[in-house]
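Enquirer:
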Amino acid sequence: MFREGDYIVHGNVGVCQVKEIGMPDFLPAARERLYYTLLPYNTKGSLIFTPVDNQKVVMRPLMTAKEAREVIDYVQKTDVQWCRDEKKREADYKEAIRCCNGKKLGMMVKEIRQHKRLRTEKGKKIPFQEERYCRIAEDNLFGELTLVLGIRPEEIKERIFCPIKQA
-13 MFREGDYIVH GNVGVCQVKE IGMPDFLPAA RERLYYTLLP YNTKGSLIFT PVDNQKVVMR
47 PLMTAKEARE VIDYVQKTDV QWCRDEKKRE ADYKEAIRCC NGKKLGMMVK EIRQHKRLRT
107 EKGKKIPFQE ERYCRIAEDN LFGELTLVLG IRPEEIKERI FCPIKQA
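Structure below.
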């Protein structure tokens, strides 16, 4: 169980801070179940109420700084493989967002950005859904990486998407 003040990663929302743990006033007293009141990191002014024992949504602690650097390194060095099957690709994107896996999110962003660049060169756009999935993945992943590493989102983008300089 998380504690008040903890930063966690919550399903589709990404980084949140645990504001309170308890029974929200708006729920009937008969439903004695503990809830987290969460403050989303990327959406100021909103609250999320989720049961402490929620089995439907992934909630996990933030990655460590070491894990964050490993995610960045992995995404930098791993080539993307474009999946031509649109339904499978969308299912993969939904799963990456649902499971909050940094490496999967990073590769998803890299894949969509690469596809967008190639389509733009041909004077075409990518589908709206891909733009939306990319934005969600970027918000969730970059929010976590910036918090864990204490650097700006622009620096994260530079580290992940700029070519690796050889010594």
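Letter 150 of the sequence shown, counting from 1, is numbered 136 in the working numbering, and no numbers are missing. Backbone N, C-alpha and C define an ideal beta-carbon position, used for all residues, glycine too.
1. From aspartate 78 to lysine 30, what distance separates their C-alpha atoms?
2. Going by DSSP in three states, tyrosine 27 sits in which element: helix, strand or coil?
3. In the structure shown, what three-state DSSP assignment does valine 95 receive?
4. Which complete alpha helix (DSSP H) runs does the stretch 64 to 149 hold, if anything under 4 residues is left out?
5. By a C-beta neighbour count over all protein chains shown, 10 Å radius and 16 as the cutoff for buried, is phenylalanine 114 buried or exposed?
6. Per DSSP, what kind of secondary structure is arginine -11 in: helix, strand or coil?
7. Using a 10 Å radius around the Cβ and a threshold of 16 neighbouring Cβ atoms, would you call aspartate 125 buried or exposed?
8. Tell me, please, whether the stretch 126 to 144 touches the stretch 89 to 97 by the rule of three or more beta-carbon pairs shorter than 8 Å.
9. Which term fits arginine 121, buried or exposed, when burial requires 16 or more other beta carbons within 10 angstroms of its beta carbon?
10. What's the gap between the Cα of lysine 210 and the Cα of arginine 84?
11. Residues in its own chain within less than 6 Å of proline 139 by CB, not counting five upstream and five downstream?
12. Going by the CB atoms, is the gap between lysine 89 and valine 61 shorter than 8 Å?
13. What does a CB cutoff of less than 8 Å around alanine 54 pick up in its chain, not counting 5 residues either side in sequence?
14. Hey, isoleucine 146 and isoleucine 7 are a contact pair by Cβ (cut 8 Å); roughly how many whole angstroms apart?
15. Closest to alanine 123 by CA distance: which of Val1, Asp39, Arg(-11), Glu141 is it?
16. Cβ atoms of lysine 5 and leucine 20: under 8 Å apart, would you say?
17. Looking at the secondary structure, which residues open and close the beta strand (DSSP E) in which phenylalanine 35 lies?
Expert: Reading from the atomic positions:
1. 28 Å
2. coil
3. helix
4. 72 to 85, 88 to 107, 114 to 135, 139 to 147
5. Per the 10 Å Cβ criterion, exposed.
6. coil
7. Flag for aspartate 125 reads buried.
8. Enough Cβ pairs lie closer than 8 Å, so yes.
9. By the 10 Å Cβ count, arginine 121 comes out exposed.
10. For the chain, the structure presents residues -13 to 153; residue 210 sits outside this window and is missing.
11. Phe128, Thr132
12. yes
13. Gly88, Glu130, Leu131, Val134, Leu135
14. Actually they do not touch by this definition, with Cβ atoms about 34 Å apart.
15. Val1
16. no
17. 34 to 37
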